[in-house]
Amino acid sequence: MERPSLLLLPPEITDLIFSTIPIRDSTKLRLLCKSYNHRFHSHFRTKIFTYLRLNTHPSTIHHLSKITQSGAGPWIQHITFSSKPFSKLNPNISLSSPSDDENDDTSSKYLPPNDLTEILNHLPNLRLIDFDGSCNITNWKEIISSISKSQISAIETLRSPPGKMLVSGLLLSPSELEQYSHGSFDRLKTLEMHTEGMPMQNFWSWISIIGRNCLEDLTIRNSRNDINNNNIINSIIDNHHQDSISNPDHIDNFLPQTFNLPNLKRLHLDDLYLTVKDITNHLLPAHISSQFEKLNLTKCHLLPNDPAQNWFTILTHLKTHTFPKLTYLKLSLSGYYNGITTYDLPDLKFNTNEIIISGAGKPAKPWNQRNTKCEVKLRSGEWNTYVVRKSLWEELDRVMRDGLGEEVFWESLTNGKWTSDRATRLKRIIKVREVSRLEYGERGDPRLWERIRAISREVDSDCEDVWY
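Taking the working numbering, the leading residue of the sequence shown gets 1, the next gets one more, and so forth.
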């Protein structure tokens with residue numbers, strides 16, 4: 001009877017056999033048979049080097065250089081950068097010694113870009129780069145610049161530090177933008193950014209350049225300060241278009257005309273200024289309708305400043321071009337203050353993957369099928385929520401077929417609740433606070449709380465708290 005060969009064992013059995021061996025000791029393992037030894041060295045190198053967590057200190061990059069010189073570069077597929085002290089990293093592999101930490105030179109606390117660029121050239125299979133919350137915008141810019149200068153082209157996923165990076169610090173010169181056109185991100189499929197401020201056309205141009213070939217999943221989680229101050233809003237708009245548009249009331253786009261992500265399938269944007277044309281012409285153009293799957297827009301401010309018409313236009317755009325693979329839609333609109341207190345738009349959400357209760361393994365239902373319901377959620381009073389479920393496709397179809405407008409659509413979708421006192425309560429309270437602050441400043445309005453209490457006591461008899 002022939003003895004079973006270790007080389008024929010599946011990887012799962014290999015992992016089980018050597019699971020008790022610490023990773024730090026795995027490279028010391030030697031097997032008597034040369035073929036066995038080669039097999040398990042390859043196995044352990046894959047286990048050790050597939051994922052690395054690196055400190056941004058130059059000494060750590062020196063250790064990474066040693067790893068690539070040892071021939072392990074092709075195994076590295078995922079790197080997470082951190083700026084935490086070495087003692088707090090708890091890395092998968094020790095990339096620094098205690099002496100490195102003790103002799104830390106604070107004058108050289110950032111990465112040496114040229115060295116990193118050279119090292120990256122020896123990581124042909126690096127597919128994912130992300131950053132933890134300890135990294136800042138300087139770390140991000142230096143590392144991304146090093147990637148663009150290198151010759152690697154396998155990166156598929158790029159995630160910025162989860163802390164908000166000021167968009168103003170991300171601006172690139174024309175020569176720097178050109179640098180990103182040389183192929184390092186040709187295979188990029190997923191980009192996730194965490195920003196703060198007002199993204200400029202320069203920022204959107206960079207995204208278009210690195211995502212023009214393969215980008216499928218784009219997430220930008222932005223945060224704007226003082227978004228309720230109309231003077232600040234107008235100032236931002238003027239600064240953003242001072243070279244091209246003199247009248248902010250006629251802004252056509254925040255995205256550059258050349259913006260194009262032909263392979264986009266999933267889009268998630270938080271708290272951004274956009275125009276309707278930005279969405280219908282650039283982010284969700286007709287030529288990607290057959291492939292697009294997921295849309296999530298939260299607290300996005302659309303110009304011109306008529307939310308009811310703007311969001312109706314976007315929904316009719318989706319309906320007109322069908323978007324047959326759209327399985328997830330989330331528009332967070334309710335309670336978002338935009339200076340308009342006569343109505344409040346509802347949050348809209350459907351996930352056709354969750355609709356299927358029975359029949360596991362079946363494909364998701366198209367959103368244009370009957371009985372595909374959309375959750376329509378509207379604030380009702382201080383604490384409660386008015387929720388109904390309707391077919392978004394059928395509501396749009398009826399309004400568009402009969403040539404009706406946005407008011408009829410929102411009236412029907414919310415059962416008339418979008419203009420009720422309860423639905424607009426929060427927006428009216430915010431408006432009262434804003435007017436009081438402008439009129440009285442730091443002195444304070446003596447009648448402010450009386451006005452707020454009057455709004456809070458209102459009871460709209462035709463707007464009950466309903467959930468069905």
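The beta carbon of each residue, even a glycine, is placed where N, CA and C say it ideally should be.
Taking the beta strand (DSSP E) that residue i belongs to, which residues open and close that run?
i, result
"residue 428", "Counting along the chain, residue 428 falls outside any beta strand (DSSP E), though it belongs to the alpha helix (DSSP H) covering 421–440."
"residue 193", "190–196"
For the candidate residues the options, whose alpha-carbon lies nearest to that of residue i?
i, options, result
"residue 157", "280, 128 and 121", "128"
"residue 190", "443, 453, 404 and 268", "268"
"residue 153", "202, 367, 77 and 224", "77"
"residue 201", "346, 442 and 278", "278"
"residue 199", "123, 274, 185 and 281", "274"
"residue 136", "115, 84 and 155", "84"
"residue 397", "306, 385 and 413", "413"
"residue 451", "436, 370, 401 and 266", "436"
"residue 369", "392, 306 and 385", "392"
"residue 266", "409, 296 and 252", "296"
"residue 115", "410, 138, 139 and 64", "64"
"residue 218", "253, 294 and 442", "294"
"residue 331", "378, 340 and 13", "378"
Would residue i and residue j be called neighbours here (beta carbons separated by less than 8 Å)?
i, j, result
"residue 302", "residue 276", "yes"
"residue 221", "residue 261", "no"
"residue 290", "residue 324", "yes"
"residue 425", "residue 375", "no"
"residue 196", "residue 166", "yes"
"residue 329", "residue 348", "yes"
"residue 298", "residue 271", "yes"
"residue 184", "residue 150", "yes"
"residue 407", "residue 308", "yes"
"residue 351", "residue 327", "yes"
"residue 133", "residue 163", "yes"
"residue 193", "residue 160", "yes"
"residue 282", "residue 259", "yes"
"residue 333", "residue 311", "yes"
"residue 338", "residue 305", "yes"
I'd like the span of the alpha helix (DSSP H) that includes residue i, first residue to last.
i, result
"residue 260", "Run containing residue 260: none; DSSP gives neither H nor E here."
"residue 67", "58–69"
"residue 138", "137–149"
"residue 397", "392–401"
"residue 408", "406–413"
"residue 451", "448–456"
"residue 177", "174–179"
"residue 202", "201–211"
Nearest-angstrom Cα distance between residue i and residue j?
i, j, result
"residue 188", "residue 387", "39 Å"
"residue 343", "residue 322", "28 Å"
"residue 80", "residue 143", "11 Å"
"residue 55", "residue 433", "47 Å"
"residue 453", "residue 444", "16 Å"
"residue 73", "residue 292", "36 Å"
"residue 394", "residue 181", "44 Å"
"residue 214", "residue 131", "22 Å"
"residue 263", "residue 280", "15 Å"
"residue 421", "residue 446", "24 Å"
"residue 417", "residue 61", "59 Å"
"residue 208", "residue 438", "40 Å"
"residue 419", "residue 216", "38 Å"
"residue 455", "residue 382", "10 Å"
"residue 91", "residue 82", "The pLDDT assigned to residue 91 is 40, lower than 50, so where the model puts this residue is not dependable; a value taken from the coordinates is nonetheless given after this. One C-alpha to the other measures close to 10 Å."
"residue 57", "residue 120", "16 Å"
"residue 69", "residue 148", "22 Å"
"residue 336", "residue 427", "8 Å"
"residue 75", "residue 125", "7 Å"
"residue 415", "residue 389", "11 Å"
"residue 448", "residue 440", "10 Å"
"residue 186", "residue 285", "21 Å"
"residue 67", "residue 155", "19 Å"
"residue 371", "residue 49", "49 Å"
"residue 373", "residue 122", "51 Å"
With which residues is residue i paired in a DSSP beta bridge?
i, result
"residue 275", "303"
"residue 267", "218 and 295"
"residue 51", "78"
"residue 375", "349 and 389"
"residue 131", "81"
"residue 168", "Answer is none; residue 168 lacks a bridge partner."
"residue 330", "296 and 349"
"residue 384", "380"
"residue 159", "192"
"residue 290", "Beta-bridge pairing links residue 290 to no other residue."
"residue 223", "196"
Could you tell me whether any non-hydrogen atom of the ligand NAP is closer than 7 Å to the CB of residue i?
i, result
"residue 343", "Only the bare structure without any ligand can be found here, which leaves the ligand NAP out of the picture."
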